[in-house]
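There are 4 protein chains.
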Amino acid sequence: MIIVMKNGASAEEIEEVVKHIKIWGAQAHVDRGEVQTVIGIIGDKAEILRKPWTSFAGVEKALEVSDPFKKASRKFHPSDTTIDIEGVKIGGGHTCVIAGPCSVDTEEYVVTTAKAVKAAGAKMLRGGAFKPRTSPYTFQGSGEDGLKILQTAKQETGLPIVTEVMSIDQIDLVYKYADAIQIGARNAQNFNLLKAVGKMNKPVILKNGVATTAKEHLMSAEYVMSEGLNDVILCLRGTRSYETAFRNALDVALIPYLQELSHLPVIVDSSHSTGARAYVSSVAYAGMAAGADGLILEVHPNPCEALSDGEQALLPRDFDFLMKKLDGLKAWSQKEWNRFDKAAK
Amino acid sequence: MIIVMKNGASAEEIEEVVKHIKIWGAQAHVDRGEVQTVIGIIGDKAEILRKPWTSFAGVEKALEVSDPFKKASRKFHPSDTTIDIEGVKIGGGHTCVIAGPCSVDTEEYVVTTAKAVKAAGAKMLRGGAFKPRTSPYTFQGSGEDGLKILQTAKQETGLPIVTEVMSIDQIDLVYKYADAIQIGARNAQNFNLLKAVGKMNKPVILKNGVATTAKEHLMSAEYVMSEGLNDVILCLRGTRSYETAFRNALDVALIPYLQELSHLPVIVDSSHSTGARAYVSSVAYAGMAAGADGLILEVHPNPCEALSDGEQALLPRDFDFLMKKLDGLKAWSQKEWNRFDKAAK
Amino acid sequence: MIIVMKNGASAEEIEEVVKHIKIWGAQAHVDRGEVQTVIGIIGDKAEILRKPWTSFAGVEKALEVSDPFKKASRKFHPSDTTIDIEGVKIGGGHTCVIAGPCSVDTEEYVVTTAKAVKAAGAKMLRGGAFKPRTSPYTFQGSGEDGLKILQTAKQETGLPIVTEVMSIDQIDLVYKYADAIQIGARNAQNFNLLKAVGKMNKPVILKNGVATTAKEHLMSAEYVMSEGLNDVILCLRGTRSYETAFRNALDVALIPYLQELSHLPVIVDSSHSTGARAYVSSVAYAGMAAGADGLILEVHPNPCEALSDGEQALLPRDFDFLMKKLDGLKAWSQKEWNRFDKAAK
Amino acid sequence: MIIVMKNGASAEEIEEVVKHIKIWGAQAHVDRGEVQTVIGIIGDKAEILRKPWTSFAGVEKALEVSDPFKKASRKFHPSDTTIDIEGVKIGGGHTCVIAGPCSVDTEEYVVTTAKAVKAAGAKMLRGGAFKPRTSPYTFQGSGEDGLKILQTAKQETGLPIVTEVMSIDQIDLVYKYADAIQIGARNAQNFNLLKAVGKMNKPVILKNGVATTAKEHLMSAEYVMSEGLNDVILCLRGTRSYETAFRNALDVALIPYLQELSHLPVIVDSSHSTGARAYVSSVAYAGMAAGADGLILEVHPNPCEALSDGEQALLPRDFDFLMKKLDGLKAWSQKEWNRFDKAAK
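Chains as they are written, first to last, in numbering that gives the first Met the number 0: chain B, 0 to 344; chain D, 0 to 344; chain W, 0 to 344; chain G, 0 to 344.
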């Protein structure tokens, strides 16, 4: 961290900052420029970096030099993490497409969907039994009944199950049925929930928050990992924008960026980013082209009757169309690029 | 709700939409224009409005006509809600300034702060015992010890206490000590938590989410109120922006806007919107000038030692300066404007 | 357009709106609901749609039903526009990669770059002789000297030239040298300039504005086209976001979206969207995968010496790497998807 | 400027950066930390700061320490600038309210408005003869006829005139009639136009761009001032946001912030920020409460007939209501706060 003092900061003000850097256990390196003095803090204890440096007299600003995440960082864990969910692998070169209804509704619909997405090539089944909805007057999820329906679908197809947990008190119940746990955008900074799932032993698919940055997404992963769990999958579902054409804006540049900063797998949820069936597949395809480790998509045999988000659900035949198209795709590999770049120097 | 059909939608497509409107319990009014057909849905059951209309063949878009909140809406509750917190009133013409440290640290600091803000005119004490922090490696709050310190400060000053609850499992503990409950920005769409505090009987100060709109803020209030609690205070703490000068952007136009849409009191948190001590007071002042029902501000006697957010804490003397300045302020009243506007017609 | 009246709007207020719809040359269709009255405006003269409907007493809101662009719209021009720039085709199934330095600096650099990008497969050369820079103290472009250097590069390679025009008074000069004209993000809503280039007879590459929506981007194209020019290429260079990892955020969903709304070609500028060499190629690749009609990229043989934006320039060898990779790419086609979707119904 | 090298950057990489700092005329100060090396650039020539530092091998990031604006900065011009427009003063303790129609339409409307706003206390008249409109099919302004109407209104009332110039070729014409020139949001980064008005000798009211930051706003002022003109008034009209309640979001914290960074006057345009008559006055009032140096507002005697933006126009009686209310307002003064803050230390 670098502390930039104001023009004309006094010797006493500089001394006060230096004194506190030492009190708080780090070293200070003072650089007296012609116009402004700059103080480097050597030593990276997180607590020191978070001190209210701009509260000190004479300080103009404090600039962070290093990233605040450790366990999620590739710096401290250079090789890719491969996650195994009931034999299905993701990350480290393994890609995985997850598909299923937004909400669990009837057993018939869910089993039909599970069979269809399996036939098309999906390796896991998604479906929500607890639903975060903006309005309290809309369908809030089917609870344990829904989880049982997912279990049936798993028995019929062999597909492992991903389902969302919305609060700590749902953990016991959801973990009885789920093979991997989804944390949704609205809970992406529900830090108590993150810590709670970090204490459990099932892989977590962690969506970015409604308006989080890539580094905040990684900090949320760090919350989970700081409790001991290493199996975190980063899921991009877009962030809020002033563009009205789509539900959210998803910048595919985040895929290679997160893959460089972190060793964790990165998947794309283009159902929630676009919010519109007509564009779900094109963005999914572009995401895989950009090198994503997988997809998570909503599929429903009868979207008009879906209990939530029907407007963004693919029909089974649409999903099949996408999967076939993906067959012929040669994806970008940021690693290949990095190797090329290094070799060329 | 209005369904706009595509250019050249077929009679069958129109019929299918109309049929479903009826199946789902409402009436349809079809308006065949020269270019496009428009179908009005008469009947306002929330479930119908949430159906995936754009999944139907031939539908171009679905436009909402009415707002989805009811209990929070002034349409259904025209007169202002006045909330009483241990004798301190807010809303319906009563203004209230709440102040105190961001995090509860030592008893000495908290009691000193409580006495100082009371002397300056604050009517309630704020302080966090549980803290949502972006990094798992920073101070996470002092828990029940912190709540006891707040209790001591209340005994010494008589100021009722506002403190944050971050998850359902903290409710029992926090409600033993708090007089009003704060829901923070990162939990503003933690719908399970909203419902849980809505079942309790203490007033809730509900911050807007990191990137919510005014209507989403009201929908979060609706979640609390749908469980039976009426005492909700809307708190504006700014939303995420590309402007880097401040932590968040706070548009004061939201104050009269929310007061027109809703009967609930609206207060301003300029500590979190600006994130910088130098601007906390100017925005607080402007917020009250715009007609806010109150303020919630962070005050700390030694910000350099504060365990969190010291850079945005006012010193007790700063807070006193602001309160004296507020004494002479003649605030805008949107009601007075509305009366003028109506009379002039 | 649909006018939604307030709850309890009076018969006189409704009558006043209807009267004005007629005065202004359209027909009104009044729909008296149980709660709210809705008035449809039949007739789509742009001027009528822009009237200040919410200024009328009793009006709650005015909802637009149809899009305000005509010449740029696929509704009125169903087949793709193919643009021919000195024999190089773009749109309607023809893809085109444009590359070159951000700013024109020395003849040696520009000619070297031109030869290199041609060898790798680029079909046009880009380079700025006039530069919009946020600071008046940075390099502002080389003017006519720069245009002559581009001409030399064209003579040496045969590549047609794309260069930016920043103001009306530069038009005469720039049109002497350029084969296609670029309008930059900061001028995307400089409507006088748009009309001026619309009166000329060279193709225009029109970037989206710093924070425009897709429909505003099309409205800017409409400005150009309303003056008679049909050859407009829409260029996506990302929009401003709170994400700090990149210079701008580019949502690839905009590619199929614009292609559906409009018949104009859509290209991607991932140099300006990412602002960082390490990610330019991955986003370019994903853009082409999403079905873009082309790319416009910055390439410089010595980015450390580039007069502007060196941090986002590809080296010639990087560009070659990308072009080889693109060779094997099977792109998404939104048209193919639409045909599949129609056939399946 | 500070260059942060990557973990494990080689000695050669560090040397290469240092070498270029010297070649480009500044001094380097190398700070070898345990983990990362940091290089300070001493000397503040703008060109050096803009070099593509991250293009150098081994560089992780480049952090700016000082602001890139000079003439607009209070650092180099500590005392307030007071601008005199035909005897009307603004800045340095002088406040000024500017009002008038959005577009100039009929002489009768404009003169009526001018008389009404003068009677209510406005000191200048605004009105657009050239209009930037998102659609080419809406009213584009009345041109010189409009300017003559403004001249008539000036003759009748004595109010100096503010009107917008949209492109360089309008300058001669507009400067014949205007007393101060407005640069609109869509031209806020039209750098050629900024330089052109900077060469003229009339005060400029410079709006922030559609999505510019405060510092970018100051950089636009710097463009004008770099050509020699000192009389620039910063005008806040809000920036684009995902909030749908208003046309733009205006954070009043920008008022004291800009006043601290710059010596230029800061005024508020709440007509364009809110976009809705019902909230124009409350935000104008809050802006003045936050210490703004003035207002610029749209007033029209018959908004339903206004040629543009009628929905945000105040009626003359509304404007009178606001002005009377402003009479009793004791505004915040950031200077008073700064004096208090300094004295207390």
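The C-beta atom is built at its ideal place from N, Cα and C for all residues, glycine as well.
Cβ shell of residue i (< 6 Å), same chain only, five flanking positions each side left out
i             : result
residue 119/D : 318, 319 and 322
residue 270/D : 279, 296, 297 and 311
residue 47/B  : 23 and 25
Where residue i sits in the DSSP three-state scheme
i             : result
residue 53/W  : helix
residue 11/G  : helix
residue 362/W : One cannot answer for residue 362/W here, as it falls past the ends of chain W, which runs 0 to 344.
residue 28/D  : strand
residue 209/G : coil
residue 35/D  : coil
residue 272/G : helix
residue 111/B : helix
residue 239/G : coil
residue 125/W : strand
residue 197/W : helix
Contacts of residue i in chain W (Cβ-Cβ under 8 Å)
i             : result
residue 268/G : Chain W residues near residue 268/G: none, gap ~17 Å exceeds 8 Å.
residue 316/B : 343
Under 9 Å between C-beta atoms of residue i and residue j
i             : j             : result
residue 62/G  : residue 161/B : no
residue 179/W : residue 207/W : no
residue 81/G  : residue 264/G : yes
residue 290/W : residue 332/W : yes
residue 136/G : residue 51/W  : no
residue 106/W : residue 151/W : yes
residue 115/D : residue 221/D : no
residue 248/G : residue 252/D : yes
Under 8 Å by beta carbon: chain D residues contacting residue i
i             : result
residue 261/W : Residues of chain D passing the Cβ test: none, with the nearest at roughly 15 Å.
residue 77/G  : Neighbours of residue 77/G on chain D: none; closest Cβ ~17 Å, over 8 Å.
residue 236/B : None at all; the shortest Cβ gap to chain D is about 14 Å.
Bounding residues of the alpha helix (DSSP H) (the contiguous stretch that carries residue i)
i             : result
residue 218/D : 213–224
residue 304/W : First-last for residue 304/W: undefined, no H or E at that position.
residue 148/W : 143–156
residue 338/W : 333–343
residue 85/D  : Careful: residue 85/D lies outside any alpha helix (DSSP H) and carries neither H nor E.
residue 3/W   : Careful: residue 3/W lies outside any alpha helix (DSSP H), inside the beta strand (DSSP E) at 1–4.
residue 254/G : 253–260
Amino acids of chain W, ordered along the chain, whose beta-carbon sits closer than 7 Å to that of residue i
i             : result
residue 420/B : Residue 420/B is absent from the model: chain B starts at 0 and stops at 344.
Contacts that residue i makes with chain G (C-beta to C-beta distance below 9 Å)
i             : result
residue 272/D : 250 and 252
Proximal chain B residues relative to residue i, where beta-carbon distance stays under 8 Å
i             : result
residue 303/D : 19, 50, 51, 54 and 55
Close Cβ partners of residue i (< 7 Å) along its chain, the five nearest in sequence each way excluded
i             : result
residue 127/W : 101, 102, 103, 140, 162 and 163
residue 36/G  : 4, 8, 13, 29 and 30
residue 130/W : 102, 138, 139, 140 and 307
Per-residue contacts from residue i into chain B (C-beta, under 9 Å)
i             : result
residue 13/G  : Chain B residues near residue 13/G: none, gap ~15 Å exceeds 9 Å.
residue 165/D : 189, 190 and 191
Residues near residue i in its chain [Cβ-Cβ closer than 8 Å; skip 5 each side]
i             : result
residue 198/W : 226, 227 and 228
residue 256/G : 213
Residues that residue i contacts on chain G, provided the C-beta gap is smaller than 8 Å
i             : result
residue 297/W : Residues of chain G passing the Cβ test: none, with the nearest at roughly 11 Å.
Unbroken beta strand (DSSP E) run spanning residue i, endpoints
i             : result
residue 298/D : Neither: residue 298/D is in no beta strand (DSSP E) and is coded neither H nor E.
residue 313/G : Residue 313/G -> no beta strand (DSSP E), and no H or E assigned at all.
residue 62/B  : 58–62
Neighbour list for residue i in chain B, Cβ cutoff strictly below 7 Å
i             : result
residue 135/D : 221, 222 and 225
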